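A.B. asks:
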Amino acid sequence: MLFFIFISFYFTPILAIIFCLNLVAILKKIKSEQPTAKNTFWLTTSFVLMAWSIAFSSYGGL
13 MLFFIFISFY
23 FTPILAIIFC
33 LNLVAILKKI
43 KSEQPTAKNT
53 FWLTTSFVLM
63 AWSIAFSSYG
73 GL
C-alpha cells in the first residue's frame, strides 16, 4: 500500500505525461495503420498505476 501512496505523490504527474504521449502516438498510428501494441501496453500500464495509486491513497485517508 505504501508503494501506491508513493506513486500517487511523486509519479502520478510522470505517469500522466506517459499516458498522454502514448495516447497521441496510438492515435497517429491508427491513422496511418501501423501496429500499436507497444504503445497500448504502456498506455494501459500507466493508467492502471495512476488509478490504483489514487484509489489506495483515498482508501488510506490521505
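In terms of our numbering, the sequence shown opens at residue 13 and continues consecutively. Glycine included, every Cβ here is placed at the ideal spot set by N, Cα and C. None of these values were measured; they are calculated from a predicted model.
(1) Can you tell me which of the three DSSP states Pro25 falls into?
(2) Rounded to the nearest angstrom, what separates Ile42 and Met62 at their Cα positions?
(3) To the nearest angstrom, how far is it from the Cα of Ile66 to the Cα of Ser20?
(4) Could you check where the alpha helix (DSSP H) with Ser70 kicks off and where it finishes?
(5) Distance, Cα to Cα, Tyr71 vs Cys32?
C.D. replies: On the basis of the data shown:
(1) Of the three classes helix, strand and coil, the one that applies to Pro25 here is helix, per DSSP.
(2) Taking the straight line joining both Cα atoms gives about 24 Å.
(3) Between the C-alpha atoms of Ile66 and Ser20 there is a straight-line separation of about 6 Å.
(4) It spans Ala49 to Tyr71 - the alpha helix (DSSP H) in which Ser70 sits, taken as one unbroken run.
(5) For Tyr71 and Cys32, the gap between their C-alpha atoms comes out near 26 Å.
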